[in-house]
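Residue numbers (our numbering): 417 to 628.
Even for Gly, the Cβ is constructed at its ideal location relative to N, Cα and C.
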């Protein structure tokens, strides 16, 4: 199989520990490729096929994965500050302890994704699907889950101060032990939630009843 020239450049950069600026992976099929520890600024991967790609420990500042397919990809411990994953599919992806701050992940598919211990402060997940996702011990201050679906998701022990869950679907989600001070739950679907030990001081609710 012919190796795409850009892939060869990235592998050389990883081997020599060099930073790559504005690499373009758009529309490439790189399924299963190992790009662990890649250091890249402003990487572009529009509509790229990145299923099961390894980006473990990568530094991908201001990357753009709009419309990319990252199902089953591994981004554990990666730095994705200011990255964009709008309309991307990341079903069953692993993002354990990832740094994804001030980013955009609108209308994306993160069903059953693992974001345990992720740092998500000031990122937006507006309209995204996180059904069955794991966000335990995540740090998500001022993060937006507006109109997102988190059915059956686990947010145990997370820090969600001033986060917005407005109009989100949290049916059967587990919020046990989480910090939700001043979080916004107005017009959200809250049936079947586990609130055990959750901190809700100053949180905003409408007239909807919280049902355990």
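Can you tell me whether residue i is helix, strand or coil according to DSSP?
{"i": "residue 424", "result": "helix"}
{"i": "residue 432", "result": "helix"}
{"i": "residue 625", "result": "The predicted model places residue 625 with a pLDDT of 46, which falls under 50 and marks its position as unreliable, so this point remains unresolved."}
{"i": "residue 557", "result": "coil"}
{"i": "residue 545", "result": "strand"}
{"i": "residue 620", "result": "strand"}
Which residue from the options puts its Cα closest to that of residue i?
{"i": "residue 563", "options": "571, 535, 444, 521", "result": "521"}
{"i": "residue 518", "options": "541, 425, 566, 588", "result": "541"}
{"i": "residue 577", "options": "476, 591, 524, 514", "result": "591"}
{"i": "residue 454", "options": "608, 614, 474", "result": "474"}
{"i": "residue 538", "options": "493, 572, 437, 580", "result": "580"}
{"i": "residue 436", "options": "479, 419, 466, 447", "result": "479"}
{"i": "residue 468", "options": "452, 459, 568", "result": "452"}
{"i": "residue 593", "options": "622, 582, 552, 568", "result": "552"}
{"i": "residue 583", "options": "569, 606, 571, 572", "result": "606"}
{"i": "residue 565", "options": "604, 575, 430, 556", "result": "604"}
Would you please state the rounded distance, in angstroms, between the beta carbons of residue i and residue j? I believe it to be under 8 angstroms.
{"i": "residue 470", "j": "residue 457", "result": "Rounded, the Cβ-Cβ distance is 20 angstroms, inconsistent with contact."}
{"i": "residue 463", "j": "residue 442", "result": "6 angstroms"}
{"i": "residue 477", "j": "residue 498", "result": "6 angstroms"}
{"i": "residue 543", "j": "residue 513", "result": "Going by Cβ atoms, the distance from residue 543 to residue 513 rounds to 25 angstroms, so no, they are not a contact pair."}
{"i": "residue 549", "j": "residue 524", "result": "About 11 angstroms; that fails the 8 angstroms criterion."}
{"i": "residue 617", "j": "residue 602", "result": "Contact flag wrong, Cβ pair sits at about 16 angstroms."}
{"i": "residue 531", "j": "residue 554", "result": "6 angstroms"}
{"i": "residue 491", "j": "residue 504", "result": "In fact, because the Cβ distance is near 12 angstroms, the residues do not count as touching under 8 angstroms."}
Between which two residues does the beta strand (DSSP E) containing residue i stretch?
{"i": "residue 476", "result": "475-477"}
{"i": "residue 457", "result": "455-457"}
Would you mind sorting residue i into buried or exposed? The rule is 16 or more other CB atoms within 10 Å of its CB.
{"i": "residue 545", "result": "buried"}
{"i": "residue 433", "result": "exposed"}
{"i": "residue 625", "result": "At residue 625, the pLDDT of 46 sits below 50, so the modelled position is not reliable; the number obtained from the coordinates is stated separately. Exposed, since its Cβ has fewer than 16 Cβ neighbours within 10 Å."}
{"i": "residue 439", "result": "buried"}
{"i": "residue 609", "result": "buried"}
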